[in-house]
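Under our numbering, the letters of the sequence shown match residues 11 to 599, in that order.
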Amino acid sequence: MSKTGRSGVEDIKASSDHLRGSLPEELASDAPAFAKDSAQLLKFHGVYQQEDRDTRRARAAEGRGGERICMVRASVPGGVLDAEQYLALDRLAGEVADGTLRVTTRQGVQYHFTRKDDLATLIGTLNRHLVTTLAACGDVVRNVMCCPAPLAGRPAGEHLLDVAAELSRNLKPKTETYWQLWVDGERIASAAAPPDRDEAGSGEAETEPLYGPTYLPRKFKIGFAYPGDNCVDVYTHDIGIVPDVAGQRVGGFTILVGGGLGMSHNKPSTYPRLADPLCRATADELFEVVSAIIGVQRDHGDRADRRHARLKYLVDDWGLDRFRAEVERRLGRRLAVPAPLAWPATDDHLGWHGQQDGRWFLGLPVPSGRIADDGIRLRTALRRVVERFRPGVRLTPRQDVLLTGIAEGDREAVDQELRAHGVAAVEALRPIERHALACPAMPTCGLALAEAERALPGVIADLKAVADSLGLGDEPLHVRLTGCPNGCARPYSTEIGIVGRGVDRYAVFLGGDADGTRLTSRYADQVDRARLGDVLRPVLAAFRDERRPGERFGDFCDRAGVDALRARFVPDEPATTRSRRQPAAAVRA
Ligand code: SRM
Ligand code: SF4
């Protein structure tokens with residue numbers, strides 16, 4: 011904490027002149043890396059300065075510092091790209107990154123191993139294709155998520171995506187710095203182009219009317235679910251939004267607040283939390299209500315302790331009633347009571363599906379979101395299909411890709427092109443493979459305690475073998491693996507969360523559900539990677555023997571009680587801190 015009583019990051023933001031700091035000078039200099047303060051500001055521009063952790067030890071032995079690299083994140087509202095945009099993104103992966111594109115759990119795209127000197131080319135080119143990196147990271151509203159599936163029978167699905175994109179545009183920071191640094195000062199009509207600033211005003215309030223000079227206390231996340239389908243994990247967002255659908259358009263919205271997953275091991279004051287229903291808003295009120303909620307967090311969120319700075323802690327510290335009263339005070343009116351929610355249609359949208367407009371889309375599984383040419387030539391296959399058939403490309407909250415707008419007559423040719431490059435159809439995957447997610451972790455993530463993406467194939471192979479040996483091979487088990495407890499692959503809102511503890515060691519969380527309405531609780535801790543299957547075997551066997559007809563694994567663990575399962579099957583495990591959980595009823599209505 012600084013002398014001002016605020017966290018150091020607050021001082022950096024305050025003195026940055028709206029995210030500028032010394033970035034212009036540092037970008038122009040030959041230095042291989044950015045200074046520490048600049049690295050904080052860069053996040054708001056969508057850039058993380060990282061180190062290649064694979065080479066750290068060898069370089070240290072040679073007396074050299076870490077190899078500085080950058081991760082660049084593009085924010086793509088609702089994950090919607092057109093063919094030209096996808097092809098541009100693909101080209102850049104080869105030219106200024108490590109040859110891979112990574113679809114993120116928030117429907118964005120990440121480039122890894124980008125050099126400082128290549129940042130301007132990468133970000134400038136993205137913007138020329140109307141893809142922005144502005145506010146992809148940093149203490150602002152991040153990429154706005156939305157169910158991307160253009161399914162037949164969902165007439166308002168495309169309208170919902172438009173609403174999400176518009177909200178995203180309106181919530182972008184308005185500082186000119188981004189355009190000056192990366193787009194030659196030119197404010198092109200992009201996904202991020204903010205509405206024109208009021209030229210009459212020149213003070214700080216006018217530069218950032220929503221955020222002010224120090225932006226938000228912490229990152230802020232918003233997601234729209236399609237009614238009945240919780241593919242976006244709507245309860246894990248700072249603000250979750252679920253519309254009513256009337257005909258071709260969305261009508262009112264149910265608004266939830268206070269979701270978030272990050273925690274630290276052994277720090278019970280940090281915990282995952284599912285969002286609570288706050289109110290309803292009409293379409294005309296949506297921006298105003300969302301802005302009021304953001305304003306409460308901006309003015310009352312914790313700016314001293316970044317571990318306690320997310321909206322979820324403010325909602326818990328105040329209680330929902332006081333929070334609602336403050337939002338109402340700002341709006342000058344009472345908020346309408348939220349509607350109950352249910353999720354009978356939660357889906358990953360993989361495979362072939364008919365669209366509302368009579369065409370087809372294909373949901374393609376992308377292991378850990380990594381579009382690469384390694385064992386299978388997925389990157390080449392996608393490029394060929396997009397070049398030849400010009401489909402839309404949509405990124406899903408589960409790190410997969412939907413190819414949309416395909417004519418009935420092209421379906422077979424698309425399948426053939428994919429098979430020719432070794433890309434398997436989703437039907438060829440076992441359920442446990444299909445539903446698995448992992449965060450990037452090593453070697454790029456500076457916070458990783460253990461492997462995740464690189465460990466996933468082995469972990470899933472082990473769990474698959476255990477499930478097979480118990481006759482549960484066809485059970486749709488949902489597994490999410492992360493390299494640390496921050497929760498980037500949302501391991502606390504699924505059935506089996508495996509969370510990095512240390513090198514090759516993990517904590518295992520159970521008892522959430524596949525619809526994302528319930529949090530997991532810790533079942534075992536400090537488990538060697540090689541023993542994950544052994545630790546899960548007895549509880550899977552109990553599920554097989556004791557489940558009710560049609561009961562899912564997560565629901566069984568919840569009914570049996572994770573504490574009781576731990577006492578039965580891992581009795582040496584200390585009765586440890588549990589993740590904060592809410593009964594499903596509380597989050598459903
Ligand atoms: Fe995340 C930090 C990757 C979704 C919670 N996250 C990071 C960083 C930037 C590491 C860092 O701060 O140095 C990771 C970059 C790794 C790398 O090398 O690429 C990183 N997070 C990711 C992505 C790429 C994971 C993925 O597998 O796709 C996701 C990018 C989404 C995007 O496009 O914006 C990603 N991160 C999430 C989610 C899931 C979500 O938002 O739906 C969460 C949990 C939800 C939440 O925010 O509570 C999440 N990431 C965190 C946290 C913990 C935040 C907290 O409140 O404690 C951190 C650490 C931090 O902020 O201090 C973090
Ligand atoms: Fe890094 Fe942890 Fe997020 Fe994985 S969960 S990407 S290890 S911060």
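In this text, a Cβ means the ideal position worked out from N, Cα and C, and glycines have one as well. It should be emphasised that the depicted structure is a prediction, and the values quoted were computed from it without experimental measurement.
Original post:
Mind checking Lys46: buried by the 16 CB within 10 Å criterion, or exposed?
Top reply: Residue numbering aside, residue 46 sits at position 36 when the sequence shown is read from its first letter. By the neighbour-count rule (16 or more Cβ atoms within 10 Å), Lys46 is not buried but exposed.
Original post:
Mapping DSSP to helix, strand and coil, what is Phe44?
Top reply: Mapped onto the sequence shown, residue 44 falls at position 34. Three-state result, Phe44: coil.
Original post:
Mapping DSSP to helix, strand and coil, what is His122?
Top reply: Here residue 122 corresponds to residue number 112 of the sequence shown, with the count starting at 1. Annotated three-state conformation of His122 is strand, per DSSP.
Subject >> Cβ-Cβ distance between Ile303 and Leu220 below 9 angstroms >> reply: Here residue 303 refers to the residue found at position 293 when the sequence shown is read from its first residue. Here residue 220 refers to the residue found at position 210 when the sequence shown is read from its first residue. No, these two residues do not count as a Cβ contact at 9 angstroms.
**OP:** Return yes when at least one heavy atom of the ligand SRM lies under 8 angstroms from the C-beta of Thr115, else no.
**Re:** On the sequence shown, position 105 is the one that residue 115 refers to. Taking 8 angstroms as the cut-off, one finds at least one heavy atom of the ligand SRM near enough to the beta carbon of Thr115.
**OP:** Starting from the N-terminal side, write out each stretch of the beta strand (DSSP E) that is 3 residues or longer and does not extend beyond the segment 224-262.
**Re:** Those beta strand (DSSP E) runs which fall completely within the segment 224-262 and span 3+ residues are 232-234, 249-256.
Subject >> Reduced DSSP secondary structure (H/G/I, E/B, other) of Ile303 >> reply: Against the sequence shown, residue 303 aligns to sequence position 293. Ile303 falls in the helix class under three-state DSSP.
Original post:
Which two residues bound the contiguous beta strand (DSSP E) that contains Glu61?
Top reply: As a working mapping, residue 61 is identified with position 51 in the sequence shown. If you look at Glu61, you'll find it in the beta strand (DSSP E) that goes 57-61.
Original post:
How is Glu583 classed by DSSP in three states: helix, strand or coil?
Top reply: In the sequence shown, the residue the question calls residue 583 occupies position 573. In the three-state scheme derived from DSSP, where H, G and I count as helix and E and B as strand, Glu583 is classed as coil.
Subject >> Beta-carbon contacts of Ser26 that lie in its chain and below 6 angstroms, excluding the five residues immediately before and after >> reply: Counting from 1 along the sequence shown, the entry for residue 26 is found at position 16. Only Leu51 meet the Cβ criterion.
Original post:
Using the rule of at least 16 other Cβ atoms within 10 Å of the residue's Cβ for burial, across every protein chain shown, is Gly269 buried or exposed?
Top reply: The residue you call residue 269 lines up with position 259 of the sequence shown. By the C-beta density criterion, Gly269 is buried, having at least 16 other C-beta atoms within 10 angstroms.
Original post:
What is the rounded straight-line gap between the Cα of Asn153 and the Cα of Glu583?
Top reply: Taking the first residue of the sequence shown as position 1, residue 153 is located at position 143. Taking the first residue of the sequence shown as position 1, residue 583 is located at position 573. Going by the C-alpha atoms only, they are around 39 angstroms apart.
**OP:** May I ask which residues mark the beginning and end of the beta strand (DSSP E) holding Asp538?
**Re:** Within the sequence shown, numbered from 1, the residue matching residue 538 stands at position 528. DSSP places Asp538 inside the beta strand (DSSP E), whose first and last residues are 531-538.
Original post:
Are Thr143 and Gly56 closer than 9 angstroms when you measure CB to CB?
Top reply: Position 133 of the sequence shown, counted from the start, is the residue given in the question as residue 143. Position 46 of the sequence shown, counted from the start, is the residue given in the question as residue 56. Taking 9 angstroms as the Cβ cut-off, Thr143 and Gly56 qualify as a contacting pair.
Subject >> Burial state of Thr14, where buried means 16 or more other Cβ atoms lie within 10 Å >> reply: Stepping through the sequence shown from its first residue, residue 14 is reached at position 4. Sixteen is the threshold: since fewer than 16 other Cβ atoms of the shown chains lie within 10 Å of the Cβ of Thr14, the residue is exposed.
**OP:** Please go through the segment 450-510 and give each complete beta strand (DSSP E) segment of 3 or more residues, from N-terminal end onward.
**Re:** Counting whole runs of 3 or more residues, the segment 450-510 contains the beta strand (DSSP E) stretches 489-492.
Subject >> Proximity to Ala417 [Cα-Cα], best of Leu372, Val376, Ala285, Gly456 >> reply: Along the sequence shown, one-based indexing puts residue 417 at 407. Measuring C-alpha to C-alpha distances from Ala417 to each of Leu372, Val376, Ala285, Gly456 identifies Leu372 as the nearest.
Subject >> Any non-hydrogen atom of the ligand SRM within 8 angstroms of Gly522 CB >> reply: Locating residue 522 in the sequence shown gives position 512, where the first residue counts as 1. For Gly522, the shortest C-beta to heavy atom distance toward the ligand SRM is 8 angstroms or greater.
Original post:
So, are the CB atoms of Ala84 and Thr356 less than 9 angstroms apart?
Top reply: Within the sequence shown, the letter at position 74 stands for residue 84. Within the sequence shown, the letter at position 346 stands for residue 356. No.
Original post:
Cys494 and Ala458: beta carbons closer than 9 angstroms?
Top reply: Position 484 of the sequence shown, counting from 1, holds the residue named residue 494. Position 448 of the sequence shown, counting from 1, holds the residue named residue 458. When the beta-carbon positions are compared, Cys494 and Ala458 come within less than 9 angstroms of each other.
Original post:
alpha helix (DSSP H) containing Ile133: first to last residue?
Top reply: Position 123 of the sequence shown, counted from the start, is the residue given in the question as residue 133. Unbroken alpha helix (DSSP H) run through Ile133: 129-138.
Original post:
With 16 as the cutoff for other CB atoms within 10 Å, does Val513 come out buried or exposed?
Top reply: Taking the first residue of the sequence shown as position 1, residue 513 is located at position 503. So Val513 counts as exposed.
**OP:** Please state if the CB of Leu546 and the CB of Leu466 are separated by a distance shorter than 9 angstroms.
**Re:** Position 456 of the sequence shown, counted from the start, is the residue given in the question as residue 466. Position 536 of the sequence shown, counted from the start, is the residue given in the question as residue 546. No; because the gap between Cβ atoms is not below 9 angstroms, this pair is not in contact.
Subject >> In DSSP terms, what Met81 is bridged to >> reply: Along the sequence shown, read from residue 1 onward, the residue named residue 81 stands at position 71. Beta-bridge annotation (DSSP): Met81 is paired with Tyr58.
Original post:
When the Cα of Leu439 is compared with those of Gly167, Phe553, Asp484, which residue comes out closest?
Top reply: Reading the sequence shown from its first residue, position 429 is the one you call residue 439. The shortest Cα separation from Leu439 among Gly167, Phe553, Asp484 belongs to Asp484.
Original post:
Which value, in whole angstroms, describes the spacing of the CA atoms of Ala471 and His445?
Top reply: By one-based count along the sequence shown, residue 471 stands at place 461. By one-based count along the sequence shown, residue 445 stands at place 435. Taking the straight line joining both Cα atoms gives about 13 angstroms.
Original post:
Who does His363 pair with in a DSSP beta bridge?
Top reply: The count along the sequence shown starts at 1 and reaches residue 363 at position 353. For His363, which the question treats as bridged, DSSP gives the partners Phe371.
Subject >> Local Cβ density within 10 Å of Asn276, reported as buried at 16 or more and exposed below that >> reply: Taking the sequence shown and counting its residues from 1, the one referred to as residue 276 is at position 266. By the 10 Å Cβ count, Asn276 comes out exposed.
Original post:
When you compare each of Trp328, Gly432, Pro223, Glu461 to Leu491 by their alpha carbons, which one comes out closest?
Top reply: Sequence index remark: in the sequence shown, residue 491 carries index 481 (1-based). By alpha-carbon distance to Leu491, the top candidate from Trp328, Gly432, Pro223, Glu461 is Glu461.
Subject >> Cα-Cα separation between Ser17 and Asp535, rounded to whole angstroms >> reply: Translated into the one-based positions of the sequence shown, residue 17 becomes position 7. Translated into the one-based positions of the sequence shown, residue 535 becomes position 525. Here the alpha carbon of Ser17 sits roughly 31 angstroms from the alpha carbon of Asp535.
**OP:** On a CA-only basis, which of Leu129, Ile381, Leu520, Gln59 is nearest Leu111? Give me that one, please.
**Re:** Locating residue 111 in the sequence shown gives position 101, counting from the first residue. Out of Leu129, Ile381, Leu520, Gln59, the CA that lies nearest to the CA of Leu111 is found in Ile381.
**OP:** Report all residues from its chain with a CB closer than 7 angstroms to the CB of Glu77; omit the five preceding and five following residues, and keep chain order.
**Re:** For this step, residue 77 is matched to residue 67 along the sequence shown. Excluding residues within five positions, the ones whose Cβ falls inside 7 angstroms are Glu61, Asp62, Thr65, Arg69.
Subject >> Member of Ala291, Leu97, Asn496, Val244 whose CA lies at the smallest distance from the CA of Gly262 >> reply: Within the sequence shown, numbered from 1, the residue matching residue 262 stands at position 252. Comparing Cα-Cα distances from Gly262 to each of Ala291, Leu97, Asn496, Val244, the minimum goes to Ala291.
Original post:
So does Leu412 have its beta carbon nearer than 8 angstroms to some heavy atom of the ligand SRM?
Top reply: Taking the sequence shown and counting its residues from 1, the one referred to as residue 412 is at position 402. Outside the cutoff, so no.
Original post:
Is it buried or exposed for Arg393, if we count other Cβ within 10 angstroms and need 16 for buried?
Top reply: Here residue 393 refers to the residue found at position 383 of the sequence shown. Buried is the call here.
**OP:** Evaluate contact between the segment 91-110 and the segment 33-48, counting only Cβ atoms and requiring at least three cross-stretch pairs below 8 angstroms.
**Re:** Judged by Cβ distances under 8 angstroms, the segment 91-110 makes no contact with the segment 33-48, as fewer than three pairs qualify.
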